[in-house]
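Heads up: the sequence shown is residues 197 to 439, going by the numbering used here.
By construction, the Cβ of each residue, glycine as well, lies at the ideal position given by its N, Cα and C atoms.
For reference, the structure is listed below as structure tokens.
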Amino acid sequence: MIIRDLLGAGFINGATCLVERRSWKSEGAQLADLATRKRTFAIGLHLNLTEQLDTNSMPAISLARLAVDRSLTLVGDLRTRFFQQWDAFVQVMGEHPQFIDGHRHVHLLPAARAALFQLIDDVGFCGWVRQCRTSSQRAGVKRLILDRLSAVLQGDALARGVPLNPGFGGLRAFREREDVLSLWSRDLAAMSKGGVLMVHPGSDAPGDPIGKCRMQEARLLPLLPRMVREAGLTLQWDARSQW
């Protein structure tokens, strides 16, 4: 698996896990084994709502509905789904995730955000949650939306004492000709207080619209540790001691 290879080589220092695939038990067990042998990376839970990842997994919920539906009924349903994913993670990994984020950033949306904090209270989560306010000044509607949603998340998290990453980067348009190295360099330069650089390595799997971009990032990621050093930063796998 490309991500495990990158983790083992020290080119990346974190992975966030989709646990609703049928393959999760075997893939998660291999990840847990790698972590036992070489604990130099953080492992998080990647909450999913917008994709039905397997025939037996929960049906997808549209981003449009998640953006506008703030009903207590939906919050309760999402809390149940999040707990199921939490339980699937813990059963395989044997420990709590070190951080939580969301597939397509769903954890920032109103009902999902409320359900997330209910989950955190219920399970006694002591890690950090990913906010998505981009550190560097880059234009784009997506960035502005994520910045606004992250500001709300930050207020809720601060009130509850839940730590967030101070900086964030890695947003991209997923065009094959995109200058990814320049994008990473610009975002790293803006993370003087630390943060998370989101990357998307993987294979060009059938049906994956960004498969070629995943392969592109996988080829470039061996350059990342040097870029991090040149930005005056270090790769930290246990971020809680820094944030």
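Nearest neighbour of R356 by Cα position, chosen from F313, Q248 and S222, turns out to be F313.
Nearest Cα to L384 within the set A353, G366, Q287 and G290: G366. D318 and F279 do touch by the CB rule: their CB atoms are close to 7 Å apart, below 8 Å. Taking C-beta separations shorter than 7 Å and ignoring five residues to either side along the sequence, the partners of I198 in its chain run P397, G398, S399 and A414, following chain order. Taking C-beta atoms as the reference points, D297 and G363 fail to come closer than 8 Å. Shown here for S267: same chain residues with a beta carbon closer than 8 Å to its own, the five before and five after excluded, namely A307 in chain order. Just measuring C-alpha positions, the residue of A369, T236, S222 and V348 sitting nearest I406 is A369. DSSP places A401 in the coil class of the three-state scheme, outside both helix and strand.
In the structure shown, D250 falls within a coil segment according to DSSP collapsed to helix, strand and coil.
If you look at C213, you'll find it in the beta strand (DSSP E) that goes G210 to C213. Buried is the label assigned to P293, since at least 16 other Cβ atoms lie within 10 Å of its Cβ. H299 is not a Cβ neighbour of T251, given a cutoff of 8 Å. Taking S219 as the centre and dropping the five residues before and after it, the same chain places no C-beta closer than 6 Å to its C-beta.
Membership of F295 in the beta strand (DSSP E) is indicated by the continuous run F295 to G298.
Per DSSP, the continuous alpha helix (DSSP H) segment holding L227 begins and ends at W220 to R233. In this structure, the beta-carbon distance from T236 to N209 falls below 8 Å.
In this structure, the alpha-carbon of V264 lies about 10 Å from that of S258. With contacts defined as CB atoms closer than 8 Å, Q287 and E216 fail to qualify as a contacting pair. In chain order, A307 place their CB closer than 6 Å to the CB of L270, counting only its own chain and leaving out the 5 sequence neighbours on each side. Under the three-state reduction of DSSP, V358 is assigned to coil, being neither helix nor strand. Just measuring C-alpha positions, the residue of S381, A401 and P402 sitting nearest V392 is S381. Here C328 is buried. Its C-beta has 16 or more other C-beta atoms within 10 Å. No residue range can be given for I406, since it is assigned to no beta strand (DSSP E) and is classified by DSSP as neither H nor E.
Put simply, the backbone Cα of R200 is about 33 Å away from that of V337. Beta-carbon to beta-carbon, P418 and L431 are separated by about 13 Å, too far to satisfy the 8 Å threshold. In the structure shown, the three-state DSSP call for W282 is helix.
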